[in-house]
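**Student:** Before anything else, here's the structure in question.
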Amino acid sequence: MQYNIADGMWYDQFDNYDRFVGWMQRQQVDVAAFCETATHWNAEQQSLPTDDSTRYLPSHLQELSSRWGHPYVALGAFQDNYPVAVTSRFEPELIRPLGGDSLSHGALHVKIRGINYVVVHLWPQRYSLQDKDKSRSDNLGDTTRVREIRHILHETLLNPRFADETYWVMLGDFNSLSPVDSTRYSPQPDYGIHRLVRRYYPCDAVAHFHPGAFVPSETRNRKRIDYVYCSEAMSRRLIGAETLDDDFTREASDHKPTLVLFNN
């Protein structure tokens with residue numbers, strides 16, 4: 091499953107995360123990939139935390155995930171307030187946080203039971219990462235996202251170190267639109283990010299199981315910006331995919347989670 095939990099699941103942070111934990115227990119997933127796993131917002135005071143000591147996540151993520159049966163945690167590069175993470179029933183064979191100046195929120199490469207998961211959270215703005223403290227009007231946000239994807243690809247699937255690996259899943263919040271959904275958008279956006287991803291991850295899991303249908307991942311139901319992509323070898327193990335739309339997911343975040351099933 092992939093899920094952008096919005097500022098460290100701020101929706102449930104003052105309820106001991108009981109609703110979130112109960113919901114996760116019902117899903118019974120083996121591996122969960124999360125975006126925005128840092129407590130970044132005080133919903134009661136409508137303000138940011140004053141210092142890191144007041145944040146429950148990400149430092150207590152293992153404590154939280156153990157409540158839904160995931161004793162293992164891998165955290166991506168924590169270089170801003172929106173790190174990605176993976177929790178799992180199974181111990182990872184490889185954990186590689188990906189960060190640096192080439193990435194905005196960072197990324198994460200985790201190998202679990204022979205499968206390489208690459209969790210991404212791409213730059214969300216219309217302006218570029220390099221322009222964020224200047225005019226904020228250069229309209230190069232898509233250029234930033236393409237650079238991020240190129241960097242992540244070269245660090246993971248295209249890295250000679252992993253030349254013998256065939257099972258790959260890239261998942262997360264891409265903050266961009268896919269040409270698969272082009273009939274829903276006018277004017278047409280830049281689809282370069284997804285055209286590049288699909289060269290190496292040809293299977294869009296949700297689109298594969300919902301051909302011709304628009305399955306939004308925003309709770310406002312306007313766009314699909316969250317994806318699970320599979321390499322060709324991994325796509326042959328794919329047996330189901332759906333976006334989870336229920337009473338909890340409509341309230342807990344501005345994103346809906348995606349549940350994907352693979353055979354063993």
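Residues in the sequence shown are numbered from 91 upward in steps of one, following the numbering used here. Glycine is no exception: its CB is placed at the ideal position from the N, C-alpha and C atoms.
Just the Cα atoms here: how many angstroms apart are residue 253 and residue 245?
**Tutor:** Residue numbering aside, residue 253 sits at position 163 when the sequence shown is read from its first letter. Residue numbering aside, residue 245 sits at position 155 when the sequence shown is read from its first letter. When rounded, the distance between both Cα atoms is 12 Å.
**Student:** How is the alpha helix (DSSP H) around residue 325 delimited, first residue to last?
**Tutor:** Here residue 325 is taken as the residue at index 235 of the sequence shown, counted from 1. Looking at the DSSP string, the run of the alpha helix (DSSP H) that includes residue 325 is 322-325.
**Student:** Does the separation of the CB atoms of residue 182 and residue 164 fall below 8 Å?
**Tutor:** As a first step, residue 182 is located in the sequence shown; it is residue number 92 there, counting from the start. As a first step, residue 164 is located in the sequence shown; it is residue number 74 there, counting from the start. Going by C-beta atoms, residue 182 is nearer than 8 Å to residue 164.
**Student:** Does the beta-carbon of residue 180 have 16 or more other beta-carbons within 10 angstroms, so that it is buried, or is it exposed?
**Tutor:** On the sequence shown, position 90 is the one that residue 180 refers to. Classification of residue 180: exposed, given that the 10 Å Cβ count is below 16.
**Student:** Counting Cβ pairs closer than 8 Å, one from the segment 286-300 and one from the segment 318-338, do we hit at least three?
**Tutor:** Segments in contact, yes.
**Student:** How about residue 92 and residue 128: are their beta carbons less than 8 Å apart?
**Tutor:** For this step, residue 92 is matched to residue 2 along the sequence shown. For this step, residue 128 is matched to residue 38 along the sequence shown. Cβ atoms of residue 92 and residue 128: not closer than 8 Å.
**Student:** Alpha carbon to alpha carbon, how far is residue 241 from residue 321?
**Tutor:** By one-based count along the sequence shown, residue 241 stands at place 151. By one-based count along the sequence shown, residue 321 stands at place 231. Between residue 241 and residue 321, the C-alpha separation is close to 18 Å.
**Student:** With burial defined as no fewer than 16 other Cβ atoms inside 10 Å of the residue's Cβ, what is the status of residue 150: buried or exposed?
**Tutor:** Taking the sequence shown and counting its residues from 1, one reaches residue 150 at position 60. Result: exposed.
**Student:** Can you give me the Cβ contacts of residue 186 inside the same chain, cut-off strictly under 6 Å, excluding the 5 residues immediately before and after it?
**Tutor:** Counted from its first residue, the sequence shown places residue 186 at position 96. These residues qualify, in order along the chain: 199.
**Student:** How would you label residue 314, buried or exposed, when you count the other beta carbons within 10 angstroms and need 16 or more for buried?
**Tutor:** Within the sequence shown, numbered from 1, the residue matching residue 314 stands at position 224. By the neighbour-count rule (16 or more Cβ atoms within 10 Å), residue 314 is buried.
**Student:** Taking C-alpha atoms, which residue in 159, 258, 306 and 308 lies nearest to residue 288?
**Tutor:** The sequence position of residue 288 within the sequence shown is 198, counting from 1. For the residues 159, 258, 306 and 308, the minimum Cα distance to residue 288 belongs to 258.
**Student:** Buried or exposed for residue 103, going by 16 or more other Cβ atoms inside 10 Å?
**Tutor:** Position 13 of the sequence shown, counting from 1, holds the residue named residue 103. It is buried - the Cβ of residue 103 has at least 16 other Cβ atoms within 10 Å.
**Student:** Is it a yes or a no for the segment 211-221 touching the segment 232-240, going by three-plus beta-carbon pairs under 8 Å?
**Tutor:** Yes, they touch.
**Student:** Are the beta-carbon atoms belonging to residue 319 and residue 294 less than 8 Å from one another?
**Tutor:** Locating residue 319 in the sequence shown gives position 229, counting from the first residue. Locating residue 294 in the sequence shown gives position 204, counting from the first residue. Result yes, Cβ atoms of residue 319 and residue 294 sit closer than 8 Å.
**Student:** Could you tell me the boundaries of the alpha helix (DSSP H) in which residue 110 lies?
**Tutor:** Counted from its first residue, the sequence shown places residue 110 at position 20. Residues 108-117.
**Student:** Using a Cβ-Cβ cutoff of less than 7 Å, which residues in the same chain neighbour residue 121 once the five nearest sequence positions on both sides are dropped?
**Tutor:** Position 31 of the sequence shown, counting from 1, holds the residue named residue 121. Taken in chain order, the residues that qualify are 176, 178, 202 and 207.
**Student:** How many whole angstroms separate the CB atoms of residue 305 and residue 260, which I take to be in contact at a CB cut-off of 8 Å?
**Tutor:** For the purposes of this step, residue 305 is identified with residue 215 of the sequence shown, where counting begins at 1. For the purposes of this step, residue 260 is identified with residue 170 of the sequence shown, where counting begins at 1. That belief does not hold up - the Cβ atoms of residue 305 and residue 260 are roughly 18 Å apart, past 8 Å.
**Student:** Just how far apart, CA to CA, sit residue 155 and residue 351?
**Tutor:** Start at 1 with the first residue of the sequence shown, and residue 155 comes out as number 65. Start at 1 with the first residue of the sequence shown, and residue 351 comes out as number 261. Taking the straight line from one Cα to the other gives about 20 Å.
**Student:** Where in the segment 144-220 do unbroken runs of the alpha helix (DSSP H), each at least 4 residues long, occur, reported from the N-terminal end onward?
**Tutor:** Qualifying alpha helix (DSSP H) stretches, in chain order: 151-155.
**Student:** Tell me whether residue 278 sits in a helix, a strand or coil according to DSSP, three-state version.
**Tutor:** For the purposes of this step, residue 278 is taken as the residue at position 188 of the sequence shown. In this structure, residue 278 counts as coil in the three-state DSSP scheme.
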